[in-house]
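Residue numbering for the sequence shown follows this note's numbering, beginning at 14 and increasing consecutively.
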Amino acid sequence: MSNYKYIFGPVPSRRLGLSLGADVIPFKTCSFDCVYCELGRTTNKTVERKEYIPLEDIKRELTEKLKENIKIDYITIAGSGEPTLYSKLGELIDFIKSVTDIPAAILTNGSLLWDEKVRDDIKNADLVKPSLDFWDDDSFQKVNRPEKQLSREKIIEGLIEFSHGFKNKIWLEVFLLKDTAMNDGKIDIIAQIVNKMRVDKVQLNSVDRPPAESYAKAPTTEEMNRYKTFFKHKDVEIIYKFQPKIESDNVVDKFDVINLLRRRPCSIDDIASGLQINRNEATKLANKLLEEKEAQVETVEGKNFIALTNKKKTPH
14 MSNYKYIFGP
24 VPSRRLGLSL
34 GADVIPFKTC
44 SFDCVYCELG
54 RTTNKTVERK
64 EYIPLEDIKR
74 ELTEKLKENI
84 KIDYITIAGS
94 GEPTLYSKLG
104 ELIDFIKSVT
114 DIPAAILTNG
124 SLLWDEKVRD
134 DIKNADLVKP
144 SLDFWDDDSF
154 QKVNRPEKQL
164 SREKIIEGLI
174 EFSHGFKNKI
184 WLEVFLLKDT
194 AMNDGKIDII
204 AQIVNKMRVD
214 KVQLNSVDRP
224 PAESYAKAPT
234 TEEMNRYKTF
244 FKHKDVEIIY
254 KFQPKIESDN
264 VVDKFDVINL
274 LRRRPCSIDD
284 IASGLQINRN
294 EATKLANKLL
304 EEKEAQVETV
314 EGKNFIALTN
324 KKKTPH
């Protein structure tokens with residue numbers, strides 16, 4: 014199996030099943046610096062759209078990967094940064110649609126949907142998953158830590174306008190944190206914003222992997238279930254850990270694991286399902302990286318994750 018630079022996975026996604034990722038943005042280049050981000054803190058906070066990665070390189074790798082004939086539920090444009098910063102996004106989506114019937118998904122923080130060009134670029138995606146994490150200016154600044162040109166009002170207007178113009182599926186992610194400022198009244202404000210949007214599904218999500226800031230914690234199960242009741246006019250679900258069935262024993266090596274971990278920390282089960290290998294093989298490969306000090310163990314809510322050491326994180 015080749016060591017791809019821009020195509021990764023498939024990775025197990027709690028939201029999308031087995032997702033083959035297309036990484037179109039350099040590591041931690043984003044319009045936000047979210048406290049809960051599993052990739053760590055943003056190192057290049059920007060709203061500049063450009064061809065960060067050569068489109069032809071991405072197309073070539075994707076074509077090769079699809080020849081492997083592995084199980085994939087979605088081709089997801091996401092990865093190491095905010096994908097709507099990629100100026101060739103529309104061309105990439107059209108290419109995906111021309112070479113495969115696998116649906117194309119965009120995971121976005123929604124910060125640039127006020128831009129008509131961005132909305133036009135993603136119009137042919139099968140699924141767009143924007144997010145909404147804030148209820149007022151203070152929470153916007155504290156949770157998302159946006160690029161200075163962005164405003165809460167502009168982002169909300171963009172989300173609403175996009176939702177009513179997009180013809181395919183929209184799953185809105187509402188990322189919730191355990192915080193003294195988070196209460197039923199604040200959740201109700203978020204729900205009122207969501208009610209102005211045309212979305213097919215609302216997905217309540219929270220911290221599942223090591224976040225950028227250690228103080229970013231997940232609400233309790235009881236709190237999540239209570240918050241769910243505020244979205245009564247929408248199809249709403251709480252995102253739980255995805256448990257795929259392993260159907261094959263692929264031959265992989267430590268470089269395949271490194272490629273997977275570059276995008277986010279993974280549990281042993283994540284590695285097994287993402288690379289479609291058995292758990293024992295995943296454990297041996299992870300232990301090899303730990304022994305060679307190319308990876309380390311990070312613990313969140315009592316769960317262990319394998320994370321690359323800093324020197325190994327960026328492929329660009």
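Every residue gets a Cβ at the ideal spot worked out from N, C-alpha and C, and that includes glycine.
Neighbour-count burial assignment, residue i, 16 or more Cβ in a 10 Å radius
i    : result
L185 : buried
G287 : buried
L302 : buried
E260 : Note that E260 scores 49 on pLDDT, short of 50, meaning its location in the model is unreliable and no value can be drawn from it.
N122 : buried
N218 : buried
D114 : exposed
G198 : exposed
D70  : exposed
K297 : exposed
F45  : buried
G171 : buried
T327 : Residue placement at T327 is poorly supported in this model, since its pLDDT is 48, which falls under 50; the coordinates still yield a value, given next. Per the 10 Å Cβ criterion, exposed.
D149 : exposed
K324 : Any reading at K324 must be qualified, since the residue scores a pLDDT of 48, below 50, and its modelled position is unreliable; the value itself is stated next. Classification for K324: exposed.
K80  : exposed
K78  : buried
K316 : exposed
K130 : exposed
Beta carbon of residue i nearer than 8 Å to that of residue j
i    : j    : result
R222 : V313 : yes
A225 : C43  : no
V112 : T76  : yes
F40  : G94  : yes
L125 : T97  : yes
I200 : Y228 : no
I83  : Q216 : no
S152 : F188 : no
D139 : N208 : no
A118 : K110 : no
V141 : F179 : yes
T322 : E311 : no
R292 : A285 : yes
D128 : G103 : no
F243 : A204 : yes
K58  : E160 : yes
K230 : L273 : no
I183 : Y99  : no
E250 : K214 : yes
V60  : L163 : yes
I169 : I206 : yes
V220 : Y49  : yes
Nearest to residue i (by Cα), restricted to the options the options
i    : options                : result
I319 : R277, Y17, R292        : R277
A85  : F147, S93, G22         : What sits at residue 85 in the sequence shown is Ile, not Ala. Of F147, S93, G22, the residue nearest in Cα terms is G22.
D36  : C47, F45, K101         : K101
V212 : D266, D248, K80        : D248
E305 : D282, I271, R275       : I271
A295 : A308, E307, S280       : S280
G30  : V60, T55, I88, K18     : I88
Y7   : A91, T55, I203         : Here the chain comprises residues numbered 14 to 329, so residue 7 is not present and cannot be evaluated.
R132 : F108, S164, I173, R158 : I173
E74  : E61, L33, E235, N291   : L33
I66  : L105, I251, E81        : L105
T233 : K245, D192, G198       : D192
H246 : K167, M210, N238       : M210
R158 : G53, K78, N137, N196   : G53
M195 : N16, D283, K72, M237   : M237
D282 : N16, S26, K130         : S26
Residues bridged to residue i (per DSSP)
i    : result
K63  : Y99
C58  : Sequence check: residue 58 is Lys here, not Cys. K58 pairs with C43.
T113 : According to DSSP, which records beta bridges pairwise, T113 is partnered with nothing at all.
I183 : V141
I88  : L33, A117
I20  : A35
P25  : L31
is_contact[residue i, chain D] using C-beta, thresh 8 Å
i   : result
F21 : Among the chains in the structure shown there is no chain D, since it carries only a single protein chain.
In the stretch 116–147, which residue ranges form an unbroken alpha helix (DSSP H) of at least 4 residues, counting only runs that do not cross its ends? 129–134
Return the chain-ordered ranges of every alpha helix (DSSP H) run that is complete within the stretch 274–325 and spans a minimum of 4 residues. 281–288, 292–304
Could you give the uninterrupted runs of the beta strand (DSSP E) lying entirely in the stretch 189–259, keeping only those of 3 residues or more? 214–218, 249–251
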